[in-house]
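Note that the working numbering gives residue 25 to position 24 of the sequence shown, counting from 1, and the numbers run on in steps of one.
Glycine included, C-beta positions come from ideal geometry on N, C-alpha and C.
Worksheet: the structure to be examined is printed underneath.
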Amino acid sequence: MSDAAFNRAKLAERAELGWITVTELADTLTRDKDVPFKTSHTIASRLVAGCAARPDEPRSAVLRDVSAQVLGRAIDYSEEELARILSARHFVEVRTTHGGPSPAVTEKAIEVSEAALAADQQWLTGRLESLQAAEQKLQEAASRL
């Protein structure tokens, strides 16, 4: 992996395709708009279908219509807010639970792993030195025979 090269721009572009972050919209509706979890997911899935059926309309307009149908009240986000909620970067950054992909979480995990690696390397060095010393004692004892 040390020699691997990644096209970050292409990867970032592809991460925005295919509605892979739509669950964050459902989570946001539950968190910020007090929409029940199951209902939030219904709205999110209908948004995807609605946008496919109405590709020339802004996603925010489709969301207003879908949420009004499902909830009986429209949920209004600007196009910019909706783009932020659905962005891959936001999706990663808000997942801050243990083991999550957020940079803050992964940074801590890397620090813990590096400390464990250093401890393991120190242990291994000590064991190898002990084995070398034992090997030397064995050779000395054998040469006295």
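N-terminal and C-terminal residue of the alpha helix (DSSP H) that residue i is part of
| i | result |
| --- | --- |
| Thr24 | Val23 to Lys34 |
| Arg90 | Ala89 to Glu94 |
| Phe38 | Phe38 to Ala54 |
DSSP state of residue i mapped onto helix, strand, coil
| i | result |
| --- | --- |
| Arg15 | helix |
| Glu58 | coil |
| Thr107 | helix |
| Asp4 | coil |
| Arg74 | coil |
| Trp124 | helix |
| Ser79 | coil |
| Leu146 | coil |
Contact belief for residue i with residue j at Cβ below 8 Å, rounded distance in angstroms
| i | j | result |
| --- | --- | --- |
| Arg60 | Glu82 | The Cβ separation is near 10 Å, so there is no contact. |
| His99 | Glu25 | Rounded, the Cβ-Cβ distance is 19 Å, inconsistent with contact. |
| Leu72 | Val23 | No, Leu72 and Val23 are not in contact; Cβ-Cβ is about 17 Å, not under 8 Å. |
| Pro102 | Val93 | 5 Å |
Next on the checklist: Would you call the stretch 85 to 95 in contact with the stretch 12 to 21, where contact means no fewer than 3 C-beta pairs closer than 8 Å?
Outcome noted: A contact exists between the stretch 85 to 95 and the stretch 12 to 21.
Next on the checklist: Contact between the stretch 66 to 78 and the stretch 40 to 49 is defined here as three or more beta-carbon pairs at a separation below 8 Å; is this criterion met?
Outcome noted: With the cut-off at 8 Å, the stretch 66 to 78 and the stretch 40 to 49 touch.
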